[in-house]
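Student: Chains as they are written, first to last, in UniProt numbering: chain S, 1 to 325; chain X, 1 to 295.
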């Protein structure tokens, strides 16, 4: 059992997400930075889809009511147990009565807290992930609040000795300016050539509207190729006949501020989407904060697949290393 | 038939997006529906989601299990194999969807956001009626309830149905979305944007013109009502919705049934081919209404 003393800004229960329900308008939710999420579960010996806590910007204060092991990965929000700093990316033993708290965020935006066994909340449509917009999944369909009590599940595969650490070369670092790789396409034919170039050549600033639904960016106004709007699309040149939005897709309502849609996003709508963040870089998107800079870099499908292979290989390397302990 | 050459595009490394047409039409919708249903039947390993939409569709896959280019090849082959929509049979539900038009709740909501509207001095109903050439808002309501709508896409949030009226192009109602979206829309609000009617499943933001409120839910996470036993969302692509204008008395009667757990949508089954609708929408509409209320 874990008692929530203070909830932090937004702490939710997340796993790999609710897969296969896009058709009914259900976004996947799930951990935003799946790389850090996977590493946290590895460090406590959990099954790979065990639910963890996703902590945003400012950490919660939690009290463990059992002896167990935990691991913290992701952005650097320095954790403390009973006021003493503890390492991230490492298996840590905690005792019943221990209190976990956090310092202010240094780099990155989201931390993952895995507990041996995982967080036990009801499985809704195959997932424990919280989707706050419709109030389903996670702990009562919402972010944690003070006095919530979390149960621990039994998704534990093997004990991992405290002190086990992810090899340094597999620990990501998070800067204040980011290169995010995208594949251009979808309805990018709607943008003028000049605007396509602008989209890929300027530094975009992350606005305060940056959360699990999506990130909105400030930069320059972009233009769409003039046309007589097709029937049913709506009158704004950024409108198209309502269509599906891939996870990571970027739309630019009225050409003003691009929005990249993320795990809790709407699954469709009437804005032209012009590019999609590659799956590997969705992990990095999760660690970007308001006011930081983003440069979108166009890559080919093969480059995106190569990046995916690299990420999988890194996780496999960590798994082998930890398993060998 | 449209002569638009479908556009195939990567949506990152996990999605293929296929635009059947830039304009909305029953033809484009039925063709996308036919392709996505054939794809589903093929049960190709590595496919995670098949998401049909209005004049397009999207497939989510695991690229380690199926290479995106191989998937595009499969999709193009399916597209070619569908020469005619004549032999594509749709088994669907016809549903009576009671709507209280011009209701106090959406009225209150839309009045709060007049500064985000094309015509701050009208209501959404008055504005939509005028730009579509109707004499009054009653005439617009009449036109909406006279002919049924096809649920052409489900999404945005869980259970939101995009509904496209089964009438010839010249009778289609089309309205712009708000200049800037509202930050508040009541749950079950009935709206119209572009060529689509929609019901908002839950309270939230929104940019469609607000015409009324649905009496019964289309999303129920508790799944206590009989219509939600198998799924927490009610609408399915291919359903035919008839939006019936009801009085405040009937609205309250439905609300009571929803609250005591006994409400059930009036539905009938139907099997039809797209050509029946496209060639003679008026006749098809009469068949639908006859089946729903008299069979």
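All residues carry an ideal CB built from backbone N, CA and C; glycine is no exception.
Can you tell which of X:190, X:52, X:183 has the C-alpha that lies nearest to the C-alpha of residue 113 of chain X?
Tutor: Residue 113 of chain X has its Cα closest to that of X:183, out of X:190, X:52, X:183.
Student: Please confirm whether residue 275 of chain X and residue 132 of chain X have their CB atoms less than 8 Å apart.
Tutor: Against a cut-off of 8 Å, the Cβ pair of residue 132 of chain X and residue 275 of chain X comes out as no contact.
Student: Answer with yes or no whether the minimum CB distance from residue 86 of chain X to chain S is below 8 Å.
Tutor: Residue 86 of chain X does not count as touching chain S.
Student: Against chain X, which members of the stretch 257-268 of chain S pass a CB distance test of less than 7 Å?
Tutor: Listed in sequence order: 266, 267, 268.
Student: Between the Cα of residue 297 of chain X and the Cα atoms of X:141, X:238, X:130, X:197, which residue gives the shortest distance?
Tutor: Because chain X is modelled from 1 through 295, residue 297 of chain X falls outside the range shown and cannot be assessed.
Student: Determine the closest residue to residue 181 of chain S out of S:32, S:306, S:1, with distance taken between C-alpha atoms.
Tutor: Comparing Cα positions, the closest option is S:306.
Student: Pull out every residue of the stretch 304-319 of chain S whose Cβ sits closer than 9 Å to any Cβ of chain X, in chain order.
Tutor: Residues 304, 305, 307, 308, 309, 312.
Student: If distances are taken between C-alpha atoms only, which option among X:206, X:200, X:212 comes closest to residue 220 of chain X?
Tutor: Nearest C-alpha to residue 220 of chain X: X:200.
Student: Residue 97 of chain X and residue 57 of chain X - do their beta-carbons sit closer together than 8 Å?
Tutor: Their beta carbons are not under 8 Å apart, which means residue 57 of chain X does not touch residue 97 of chain X by this criterion.
Student: For residue 9 of chain X, collect the residues of the same chain with a Cβ closer than 8 Å to its Cβ; drop the 5 residues on either side in sequence, then sort them by chain order.
Tutor: Only 16, 17, 18, 19 meet the Cβ criterion.
Student: Kindly indicate which residue of S:31, S:168, S:263 has the alpha-carbon position closest to the one of residue 14 of chain S.
Tutor: Of the candidates S:31, S:168, S:263, the one whose C-alpha sits nearest the C-alpha of residue 14 of chain S is S:31.
Student: What alpha helix (DSSP H) runs, 4 residues minimum, are completely inside the stretch 69-121 of chain X?
Tutor: The stretch 69-121 of chain X contains these whole alpha helix (DSSP H) runs: 104-112.
Student: By the criterion of Cβ-Cβ separation under 9 Å, what are the contact partners of residue 22 of chain S in chain X?
Tutor: Chain X residues near residue 22 of chain S: 48, 49, 50, 51, 58, 60, 155.
Student: Could you check whether the Cβ of residue 51 of chain S sits closer than 8 Å to any Cβ belonging to chain X?
Tutor: With 8 Å as the cut-off, residue 51 of chain S does not count as an interface residue toward chain X.
Student: Please name the residue in S:314, S:239, S:175, S:253 whose C-alpha comes closest to that of residue 109 of chain S.
Tutor: Measuring from the Cα of residue 109 of chain S, the nearest candidate turns out to be S:175.
Student: If you draw a straight line from the alpha carbon of residue 325 of chain S to that of residue 206 of chain S, how long is it in whole angstroms?
Tutor: Its pLDDT being 42, under 50, residue 325 of chain S is placed unreliably in this model, and the value from its coordinates should be taken loosely. The straight-line gap from Cα to Cα measures roughly 41 Å.
Student: Taking 7 Å as the limit between beta carbons, can you name the residues of its chain near residue 49 of chain S, skipping five residues before and five after?
Tutor: So the list reads 15, 16, once near-sequence residues are dropped.
Student: Could you check whether the Cβ of residue 336 of chain S sits closer than 8 Å to any Cβ belonging to chain X?
Tutor: Residue coverage of chain S in this structure runs from 1 to 325, which leaves residue 336 of chain S outside it and unanswerable.
Student: Residue 164 of chain S: buried (16+ other C-beta within 10 angstroms of its C-beta) or exposed?
Tutor: So residue 164 of chain S counts as buried.
Student: Between the alpha carbons of residue 151 of chain S and residue 1 of chain S, how many angstroms are there, rounded?
Tutor: Each residue's Cα considered, the two are about 5 Å apart.
Student: From the DSSP output, read off the bridge partner residues of residue 269 of chain X.
Tutor: X:93, per the DSSP bridge assignment.
Student: With three or more C-beta pairs closer than 8 Å as the rule, is the stretch 165-181 of chain X touching the stretch 217-231 of chain X?
Tutor: The answer is no - the stretch 165-181 of chain X does not touch the stretch 217-231 of chain X, with fewer than three Cβ pairs under 8 Å.
Student: Can a CB atom of chain S be found closer than 8 Å to the CB of residue 38 of chain X?
Tutor: Chain S, which has no Cβ nearer than 8 Å to the Cβ of residue 38 of chain X, makes this no.
Student: Counting only the same chain and skipping the five closest in sequence on each side, list residues whose C-beta sits under 7 Å from that of residue 176 of chain X.
Tutor: These residues qualify, in order along the chain: 118.
Student: Rounding to the nearest angstrom, what Cα-Cα distance links residue 244 of chain X and residue 99 of chain X in this structure?
Tutor: Distance between the alpha carbons of residue 244 of chain X and residue 99 of chain X: 6 Å.
Student: Beta carbon of residue 12 of chain S, beta carbon of residue 143 of chain S: below 8 Å?
Tutor: Cβ atoms of residue 12 of chain S and residue 143 of chain S: closer than 8 Å.
Student: Of all the options S:29, S:5, S:8, which has the alpha carbon lying nearest to the alpha carbon of residue 247 of chain S?
Tutor: Nearest C-alpha to residue 247 of chain S: S:29.
Student: Taking the alpha carbon of residue 73 of chain S as the point to measure from, which residue in S:64, S:98, S:107 has its own alpha carbon closest?
Tutor: Per the Cα distances, S:107.
Student: Just curious, the alpha helix (DSSP H) that residue 254 of chain X is in, first and last residue?
Tutor: 248-259 is the span of the alpha helix (DSSP H), which, as asked, contains residue 254 of chain X.
Student: Is it buried or exposed for residue 293 of chain X, if we count other Cβ within 10 angstroms and need 16 for buried?
Tutor: Residue 293 of chain X is exposed by the Cβ-count criterion.
Student: What's the call for residue 168 of chain S, buried or exposed, on a 16-neighbour Cβ count within 10 Å?
Tutor: By the neighbour-count rule (16 or more Cβ atoms within 10 Å), residue 168 of chain S is not buried but exposed.
Student: Please determine, among X:145, X:265, X:3, the residue with the shortest C-alpha to C-alpha distance to residue 167 of chain X.
Tutor: Comparing Cα positions, the closest option is X:145.
Student: Does the beta carbon of residue 248 of chain S sit closer than 8 Å to a beta carbon anywhere in chain X?
Tutor: Yes, its Cβ sits closer than 8 Å to a Cβ of chain X.
Student: Find the residues of chain S that neighbour residue 160 of chain X, judging by a C-beta separation of less than 8 Å, and give them in chain order.
Tutor: The contacting residues are 25.
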